[in-house]
Amino acid sequence: MKISSQTGFSAHKHRTAILILPHHLKNCSLVICVCTLILFMFSQNAFAANYKKKSYTKKKSQTHKNNSQKNNQQRSSETPALLWKTVIAHNPVSNVKECQLSSIEHTVFDGLSNIKVKFVFTPKHLFIVTNGNIDASYKNTGLTIKSKQKSTKYKFDHISKKTNIIFTNFTNKHIMQVVNAKSINLTIGFWPSWPKSKTLNLHSQLHGFTDAYRKLIRCKVKSGSTENQTQ
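Just so you know, we're using UniProt numbering here: the sequence shown kicks off at 1 and counts up by one.
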């Protein structure tokens, strides 16, 4: 009987241990699940933040490009007389007030941002005025004047203030080439741009250029004249 009693007690103790052991295992499983869930949520948040950052950068770049294309499309649909005009404004380099034949502002996308470009003819020079840093290391850059008979390309003479191009020897002979041309094409590179090996081509129509040039010939700067006064 004693043996039976001890055996019964021992069996009861084992049953108690068996009942308690699953309870501990259940608690351990719950802790593991909670930790796993926390790690999963953290990794998901990190992935979402990284994806959102990449999407924002890509969307911003695409927005710049779309805005550039939209602006150029809107300007190309303007009436021809508005593409070129004669104004009284300050020289881009010397800051002297003078008569100028100016194009509308064109917009090009350099891979990072939108760059504004404008052609400015004066009685002695041709300026290409931009708001971006011009990279002179690109090959095959220059201005091409396209006529029915031929196309003539001119290299950049000088870069002023890192943002403006000057054709110092652009005489009346060259201006008459533009008068008789169909269009002018600018091949240019900016820094920094993406990709580095890519130059940008800006095609400008010459609708209204001849009338604006006639006004430039007659234009005189009067005392008290204001900047950007249209002739």
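Note that the Cβ used here is the ideal one computed from N, Cα and C, for glycine as well.
I believe residue i touches residue j by the beta-carbon criterion, under 8 Å. Please report the beta-carbon distance rounded to the nearest angstrom.
i: VAL117; j: THR130; result: 5 Å
i: THR86; j: LEU186; result: Incorrect: roughly 21 Å between the Cβ atoms, too far for contact.
i: LYS162; j: ILE134; result: 6 Å
i: SER137; j: ILE145; result: SER137 to ILE145, Cβ: 24 Å. No contact.
i: ILE166; j: TYR213; result: Between TYR213 and ILE166 the Cβ distance is about 19 Å, and since that is not below 8 Å, they are no contact.
What are the boundary residues of the beta strand (DSSP E) that includes residue i?
i: GLN100; result: 97–103
i: PHE109; result: 106–109
i: GLN149; result: Neither: GLN149 is in no beta strand (DSSP E) and is coded neither H nor E.
i: HIS203; result: 200–205
i: LEU112; result: It is not in any beta strand (DSSP E) - LEU112 carries neither H nor E in the DSSP assignment.
i: SER183; result: 183–188
Sort the options by Cα distance to residue i and report the nearest one.
i: LYS148; options: PHE156, SER137, TYR138 and VAL179; result: VAL179
i: LYS222; options: LYS124, ILE88, VAL108 and ILE165; result: ILE88
i: ASN169; options: GLN100, PRO123, ASN95 and GLU98; result: PRO123
i: LYS139; options: GLY189, LYS150, ALA212 and ASN95; result: GLY189
i: HIS106; options: VAL96, LEU206 and LEU202; result: LEU202
i: LYS95; options: LEU83, ILE184 and PHE127; result: In the sequence on display, residue 95 carries Asn and not Lys. Closest by alpha carbon: PHE127.
i: LEU206; options: THR199, TRP191, CYS35 and ILE184; result: ILE184
i: SER204; options: LEU83, MET41, THR171 and LEU37; result: LEU83
From residue i to residue j, what does the alpha carbon distance come to, in whole angstroms?
i: THR210; j: GLY132; result: 29 Å
i: ASN114; j: LYS173; result: 33 Å
i: CYS219; j: SER197; result: 42 Å
i: GLY208; j: GLN100; result: 14 Å
i: ILE104; j: PRO92; result: 15 Å
i: ASN164; j: HIS158; result: 8 Å
i: PHE109; j: TRP194; result: 10 Å
i: HIS125; j: ALA181; result: 18 Å
i: SER5; j: ILE32; result: Reliability of the predicted coordinates at SER5 is poor, the pLDDT of 44 falling under 50, and no value is obtained from them.
i: GLY142; j: GLY111; result: 20 Å
i: SER160; j: HIS90; result: 15 Å
i: SER102; j: LEU200; result: 21 Å
i: LEU39; j: TRP191; result: 43 Å
i: VAL171; j: GLN177; result: The sequence given here has Thr at residue 171, not Val. Each residue's Cα considered, the two are about 10 Å apart.
What did DSSP end up calling residue i once you bin it into helix, strand or coil?
i: THR122; result: coil
i: ALA212; result: helix
i: residue 240; result: This structure gives no information on residue 240, because the portion of the chain shown stretches from 1 to 231.
i: PHE156; result: coil
i: LYS173; result: helix
i: THR86; result: strand
i: VAL221; result: coil
i: THR163; result: coil
i: VAL117; result: strand
i: THR130; result: strand
i: THR226; result: Residue confidence is low: THR226 scores 48 on pLDDT, short of 50, so the model does not pin down where it sits. Its coordinate-derived value is still stated next. Residue state, collapsed to three classes: coil.
Measuring only from the beta carbon, is residue i closer than 7 Å to any heavy atom that is part of the ligand FMN?
i: GLU105; result: Of ligands this structure carries none, so the ligand FMN is not represented either.
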